[in-house]
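At position 211 of the sequence shown (counting the first as 1) the number is 374 in the numbering used here, and the numbers step up by one without a gap. Worksheet for the structure shown next.
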Amino acid sequence: MKKVCVAALLCIAVVSALDSRLAEADNYYLNRHKDSNYSMKALALCKQVLDEDPENGSALWREARLYCLLGDDESAKDKKLFYYEKAQESAEKAKTHGSSTPESHFWYGVALGRIGQTKGVLNSLNLAGPVKKAFEKALELNSKFTPAMDGLGVWYMEVPGVAGGSLSKSEEYLKKGLSIDPNYTLLMVDLAKLYIKQKKYTDARTQLNKVLATTNPKHPADFYLEDKPDAEKLLAEIEGK
Numbered sequence: 164m165k166k167v168c169v170a171a172l173l174c175i176a177v178v179s180a181l182d183s184r185l186a187e188a189d190n191y192y193l194n195r196h197k198d199s200n201y202s203m204k205a206l207a208l209c210k211q212v213l214d215e216d217p218e219n220g221s222a223l224w225r226e227a228r229l230y231c232l233l234g235d236d237e238s239a240k241d242k243k244l245f246y247y248e249k250a251q252e253s254a255e256k257a258k259t260h261g262s263s264t265p266e267s268h269f270w271y272g273v274a275l276g277r278i279g280q281t282k283g284v285l286n287s288l289n290l291a292g293p294v295k296k297a298f299e300k301a302l303e304l305n306s307k308f309t310p311a312m313d314g315l316g317v318w319y320m321e322v323p324g325v326a327g328g329s330l331s332k333s334e335e336y337l338k339k340g341l342s343i344d345p346n347y348t349l350l351m352v353d354l355a356k357l358y359i360k361q362k363k364y365t366d367a368r369t370q371l372n373k374v375l376a377t378t379n380p381k382h383p384a385d386f387y388l389e390d391k392p393d394a395e396k397l398l399a400e401i402e403g404k
């Protein structure tokens, strides 16, 4: 009995160590605006966990998230696809080993969407169904998972109406996400883009000014590196409209 208890404690210690490294990876990811090396440090921690436990779903979806980020940072098409396809592979494994985790399905959808966008419009439309399905599965697992709400909001905004797009559904998802996470600045930026598409410039300015006034963003790195600059750029583009 004592041996069993000792073994159990050892297992708990190992799991705790893995969780600690993944928490550290999350901290690097959320604060990567402070140091350009943080993304690679986060990826290295995920790989450490996966070297010891290749079927760790929590590490796999985080790896997919980081590969998506690395792809976004590349300018060459082939390099973008290299990272997005690695993200798809990691997310696919994450779905297998962490099927009940919404992040696994969400990042699979993101990776597929990025691949489609990089390859071209026809490929995007071919992948539109699986992307939507991945986001919907994430929401099925967690009805308050706001990243998937943003994903669906953008999906309905960008996909043509004949292929299932709907500006009203886009607004519904984006507003619902903001009602849950009012400091999620990407949702504000995407809602502003929707309003600009509809020529509702006053409503767009309201959302963009909310982004700039945010003092406690849910995702600090995304805010400083992307959302705030995007809001400033969009405000300049619609000035006088």
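C-beta: ideal position from N, C-alpha, C; glycine also.
Beta strand (DSSP E) runs wholly inside the stretch 183 to 237, at least 3 long, in chain order: Listed in chain order, there is nothing to give.
Nearest-angstrom beta carbon gap, residue 226 and residue 206 [assumed within contact, 8 Å]: 7 Å
C-beta contact flag for residue 350 and residue 320 at 9 Å: no
When DSSP labels each residue in this structure, what does residue 254 get in the three-state scheme? Helix at residue 254.
Hey, out of 294, 343 and 307, whose CA is closest to residue 318's CA? 294
Is residue 210 near residue 191, with beta carbons less than 9 Å apart? no
When the Cα atoms are used, what is the spatial distance from residue 361 to residue 280? 22 Å
The stretch 223 to 243 / the stretch 262 to 282 touching (three or more Cβ pairs under 8 Å): yes
Closest residue to residue 202 among 188, 215 and 386 (Cα-Cα distance): 188
Which parts of the stretch 283 to 317 are runs of the alpha helix (DSSP H), unbroken and 4 residues or longer, counting only runs that do not cross its ends? 284 to 304
Just verifying my parser: in three-state terms, what is the DSSP assignment at residue 322? For residue 322, the secondary structure class from DSSP, reduced to helix, strand or coil, is coil.
In this structure, how does DSSP classify residue 402 when only helix, strand and coil are distinguished? coil
Residues in its own chain within less than 6 Å of residue 370 by CB, not counting five upstream and five downstream? 351, 354 and 355
With a cut-off of 8 Å on the beta carbons, I'd call residue 308 and residue 301 a contact; round off their distance for me. 5 Å
Per the contact definition of three or more C-beta pairs closer than 8 Å, is the stretch 339 to 350 in contact with the stretch 372 to 386? Touching, yes, given that three or more Cβ pairs across the two stretches are closer than 8 Å.
When the Cα atoms are used, what is the spatial distance from residue 212 to residue 239? 30 Å
Quick one: is residue 262 buried, meaning 16 or more other Cβ sit within 10 Å of its Cβ, or exposed? Looking at its Cβ environment, which holds fewer than 16 other Cβ atoms inside 10 Å, residue 262 is exposed.
Indicate whether residue 435 and residue 277 have their beta-carbon atoms separated by less than 9 Å. Since the first residue of the chain shown is 164 and the last is 404, residue 435 is not available in this structure.
For the alpha helix (DSSP H) that residue 389 lies in, which residues bound it at each end? Careful: residue 389 lies outside any alpha helix (DSSP H) and carries neither H nor E.
Express the C-alpha separation of residue 215 and residue 164 in angstroms, rounding to a whole number. Note on residue 164: pLDDT 38, under 50, position unreliable in the model; no value is reported.
Let me know the secondary structure DSSP gives residue 271 once reduced to three states. helix
State the Cα-Cα distance for the pair residue 315 and residue 299, rounded to the nearest angstrom. Taking the straight line from one Cα to the other gives about 8 Å.
In whole angstroms, what separates the C-alpha of residue 322 from that of residue 366? 22 Å
In whole angstroms, give me the CA-to-CA distance for residue 403 and residue 335. 27 Å
Neighbourhood of residue 290 by C-beta, 6 Å cutoff - its chain only, sequence neighbours within 5 removed: 275 and 279
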